[in-house]
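When we follow this note's numbering, the leftmost residue of the sequence shown carries the number 5, and every step to the right adds one. Heads up, the beta-carbon is just placed ideally off N, CA and C, and yes, glycines get one too. Small disclaimer: the values here were computed from a predicted structure and weren't measured.
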Amino acid sequence: MSDPQKVADRPGAAPPGVNSVDRFFKISARGSTFAREIRGGFATFFTMAYILVLNPIILGSAKDKFGDQLDAVQLTTATALVAAIMTIIMGVGGNLPIALAAGLGLNAVVAFQIAPLMSWDDAMGLVVLEGLLICVLVVTGLREAVMHAIPQPLKQAISVGIGLFIALIGFVDAGFVTRVPDAANTTVPVQLGGTGTLTGWPILVFCLGVLLTIGLLARRVKGAILISIVTMTAVAMIINSVADIKTWGLTTPAWPDKVVDTPDFGLIGHFSLFGAFGETTAITVVLLIFTLILSDFFDTMGTVVGITAEAGLLDEQGRVPGLGRVLLIDGAAAVAGGAASASSATSYIESAAGVGEGSRTGFSNLVTGGLFALALFLTPLLTIVPLQAAAPALVAVGFLMMTQVKHIDWDKYEIAIPAFLTIAVMPFTYSITNGIGAGFLAYVVIKTVLGKAKEIHWLLWGTSALFLVYFAIDPIEQILGVK
Numbered sequence: 005m006s007d008p009q010k011v012a013d014r015p016g017a018a019p020p021g022v023n024s025v026d027r028f029f030k031i032s033a034r035g036s037t038f039a040r041e042i043r044g045g046f047a048t049f050f051t052m053a054y055i056l057v058l059n060p061i062i063l064g065s066a067k068d069k070f071g072d073q074l075d076a077v078q079l080t081t082a083t084a085l086v087a088a089i090m091t092i093i094m095g096v097g098g099n100l101p102i103a104l105a106a107g108l109g110l111n112a113v114v115a116f117q118i119a120p121l122m123s124w125d126d127a128m129g130l131v132v133l134e135g136l137l138i139c140v141l142v143v144t145g146l147r148e149a150v151m152h153a154i155p156q157p158l159k160q161a162i163s164v165g166i167g168l169f170i171a172l173i174g175f176v177d178a179g180f181v182t183r184v185p186d187a188a189n190t191t192v193p194v195q196l197g198g199t200g201t202l203t204g205w206p207i208l209v210f211c212l213g214v215l216l217t218i219g220l221l222a223r224r225v226k227g228a229i230l231i232s233i234v235t236m237t238a239v240a241m242i243i244n245s246v247a248d249i250k251t252w253g254l255t256t257p258a259w260p261d262k263v264v265d266t267p268d269f270g271l272i273g274h275f276s277l278f279g280a281f282g283e284t285t286a287i288t289v290v291l292l293i294f295t296l297i298l299s300d301f302f303d304t305m306g307t308v309v310g311i312t313a314e315a316g317l318l319d320e321q322g323r324v325p326g327l328g329r330v331l332l333i334d335g336a337a338a339v340a341g342g343a344a345s346a347s348s349a350t351s352y353i354e355s356a357a358g359v360g361e362g363s364r365t366g367f368s369n370l371v372t373g374g375l376f377a378l379a380l381f382l383t384p385l386l387t388i389v390p391l392q393a394a395a396p397a398l399v400a401v402g403f404l405m406m407t408q409v410k411h412i413d414w415d416k417y418e419i420a421i422p423a424f425l426t427i428a429v430m431p432f433t434y435s436i437t438n439g440i441g442a443g444f445l446a447y448v449v450i451k452t453v454l455g456k457a458k459e460i461h462w463l464l465w466g467t468s469a470l471f472l473v474y475f476a477i478d479p480i481e482q483i484l485g486v487k
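Below, the structure is given as structure tokens:
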């Protein structure tokens, strides 16, 4: 984290604003210029624009309880719309160079954990509820209480576990890892490729995409993920035009009939606020909402503090300027994401790219948000990306989230074991909720066994009790005669 003293060290110290826009955003006062803000806005957009491709792929590849799937074109429109509106609102209301869009990890929870239990409308209703509850927590000041309840290493373990889960989804979506067809007669549940070996042009596109992405990341190239997606999509289109491959999956890399089209807002407003309670047990609904809150809650806090510190905007006490407004806007973004069926929107750590290019104010958000708005009309171009070209980005994001593992004290078993279970259970059970529950329960049990029960916050006791019921829901239902 950057030192608060960086505020005074920034170049171009605090001349008076040259016009009303400058004074409103404090561009000159923060040692920035319009050119830097514009450049930073472009950098942020190009480092996070991959979400316009990945979010429709992640949400669009999943089915709800009734076998329905969301339309990829409509998902692209919804994703761009929410990102554009909430990024601009953060710029004007929070005056920080932090862009927002559908959260990776959060959309995986919605797609693979929530939707299979209910309809898409019900699932998006839970996202709206999550956002509303976050807003309530911000307004009442309870956010800090929850922050203190969960040990920092467990928060980091959750990020790492989600990273591994996302990477696994990338490998599976690309066909690099597949389920063994006759798994009942073998001890090996998964395999390399479709037959134990890598075959076919689509897999080659994925492998080359992974190599390209990690190479660009290693060289610290700005926009590495987006560059890889665009490049491998072009390669896939060339291969498809020559070989006419039929095994690309959901999306075939072929040039569309038109590049520009009218946005399709068909998913906007399709959510049921309390419909989930009629599809599954109340305890399951509560735990699913908690999972969304937890994932969104702490990622946002880390992102906001980290970006603000890097920009040298923390005050003398290390506090974020206007933190209450910023967190409230972030909570509202979750509501907007659910209401638009784009999944929960949240603050993006990729905003650091804009800060690196000179962004210091919310003015850069106007640029980033404007580019997302422009993307609304380029949906046909954005929906030609095959899974094999986009999946390397999931692997890369998994790596980036995995880096949090270095902050966990692995020599301290009372935290290392719960952290390990959190990380391992998520990908191994294909469930983020299961991983969080396993970690919480292990933490409470180990602390109690060591005679340190008093160190456990009451909120963690309550949450662990909910998870205990969650894991034991089947025998409990049998005892109660529900089944």
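Using the rule of at least 16 other Cβ atoms within 10 Å of the residue's Cβ for burial, across every protein chain shown, is Asn23 buried or exposed? exposed
| message | Rounding to the nearest angstrom, what Cα-Cα distance links Glu134 and Ala103 in this structure? | response | 20 Å
Q) Does the stretch 36-45 come close enough to the stretch 226-237 that 3 or more CB-CB pairs lie under 8 Å? A) In short, these stretches do not touch, since the Cβ pair count stays below three.
* **Beta carbon of Ala228 nearer than 8 Å to that of Asn244** => Not closer than 8 Å, so no.
Heavy atom of the ligand ADP less than 7 Å from the Cβ of Thr51, yes or no?
Looking at this structure, you won't find the ligand ADP or any other ligand, since it has none at all.
Do the CB positions of Leu391 and Ile61 come within less than 8 Å of each other? Contact flag set, yes.
Note to self: My assumption, with CB atoms under 8 Å, is that Thr365 sits in contact with Pro193. Please give the rounded CB distance.
What the structure shows: With a Cβ gap of about 51 Å, Thr365 and Pro193 do not count as contacting.
Handout entry: Check whether Leu58 and Leu296 have beta carbons under 8 Å apart
Key = no
Quiz item: Which full runs of the alpha helix (DSSP H) of 4+ residues lie inside the stretch 386-457, going along the chain?
Solution: For the stretch 386-457, whole alpha helix (DSSP H) runs of length 4 or above, ordered along the chain, are 391-406, 417-433 and 436-453.
Next item on the list: Apply the 10 Å Cβ neighbour rule to Ala149 and answer buried if 16 or more other Cβ atoms are within range, or exposed otherwise.
Entry: It is exposed - the Cβ of Ala149 has fewer than 16 other Cβ atoms within 10 Å.
Segment contact, 8 Å Cβ cut-off, at least three pairs: the stretch 195-204 with the stretch 409-427 = no
Of the choices Asp265, Leu172, Ala397 and Thr307, whose alpha-carbon is the least far from that of Val429? Checked all of Asp265, Leu172, Ala397 and Thr307; the closest Cα to Val429 is Leu172.
Which residues share a DSSP beta bridge with Ser351?
Leu104
* Asked: Under the rule that 16 or more other beta-carbon atoms within 10 Å means buried, what is Gln117, buried or exposed?
  -> It counts as buried.
Measuring alpha carbon to alpha carbon, tell me which of Ser299, Gly326, Leu298 and Phe294 ends up nearest Val309. Gly326
- Sorted by chain position, which residues of the same chain lie with C-beta nearer than 7 Å to Pro384's C-beta, five sequence neighbours on each side aside? Pro260, Lys262, Val263 and Asp265
**Item:** According to DSSP, residues forming a beta bridge with Arg183
**Value:** Residue pairing by DSSP places Arg183 opposite Val194 in a beta bridge.
Item to complete: Can you tell me which of Ala346, Ile412, Ile436 and Phe403 puts its alpha carbon nearest to the alpha carbon of Val132?
Response: Ala346
Worksheet item: Going by the CB atoms, is the gap between Ile427 and Val96 shorter than 8 Å?
Response: no
*asked:* Distance check for Ala39 and Ser32, CA to CA, integer angstroms please.
replied: One C-alpha to the other measures close to 11 Å.
Measuring only the C-alpha atoms, how far is Cys139 from Leu212?
The alpha-carbon atoms of Cys139 and Leu212 are separated by roughly 43 Å.
Helix, strand or coil at Asp13 [DSSP, three-state]:
Confidence is the limiting factor: at Asp13 the pLDDT is only 41, short of 50, which leaves the residue's position unreliable and the question unanswerable from this model.
Taking Met241 as part of the alpha helix (DSSP H), name the residues at either end of that continuous run. Ala228 to Ala247
- Task: Give the DSSP-derived three-state secondary structure of Gly328 in the structure shown.
- Result: helix
| Under 8 Å between the Cβ atoms of Gln160 and His461? | no
Determine the burial state of Trp414: buried for a count of at least 16 other Cβ atoms within 10 Å of its Cβ, exposed for fewer.
It is exposed - the Cβ of Trp414 has fewer than 16 other Cβ atoms within 10 Å.
query: Which stretch, first to last residue, makes up the alpha helix (DSSP H) that contains Ile218?
result: Trp205 to Ala222
Is it right to say Ala400 is buried, meaning 16 or more other beta carbons lie within 10 angstroms of its own, or is it exposed? buried
When DSSP labels each residue in this structure, what does Lys159 get in the three-state scheme?
-> helix
| Closest by CA to Ala357, which one among Gly342, Leu331, Thr307 and Val389? | Of the candidates Gly342, Leu331, Thr307 and Val389, the one whose C-alpha sits nearest the C-alpha of Ala357 is Thr307.
- Item | The alpha helix (DSSP H) enclosing Ile138, as first and last residue numbers | Trp124 to Thr144
- [ ] Can you grab the Cα-Cα spacing for the pair Val11 / Phe169, in whole Å?
- [x] Note that Val11 scores a pLDDT of 41, beneath 50, so its modelled location is shaky; the value from the coordinates is reported in the next line. Using only the alpha carbons, I get a separation of about 38 Å.
Could you give the distance in angstroms between the alpha-carbon of Thr256 and the alpha-carbon of Asp72? 21 Å
- [ ] Whole angstroms is fine: what's the gap from Phe471's alpha carbon to Gly342's?
- [x] 25 Å
- Task: For Phe210, collect the residues of the same chain with a Cβ closer than 7 Å to its Cβ; drop the 5 residues on either side in sequence, then sort them by chain order.
- Result: Cβ-Cβ distances below 7 Å link Phe210 to Ala178, Phe180, Gln392, Ala395 and Pro396 in the same chain, with the five nearest sequence neighbours on each side left out; the list follows chain order.
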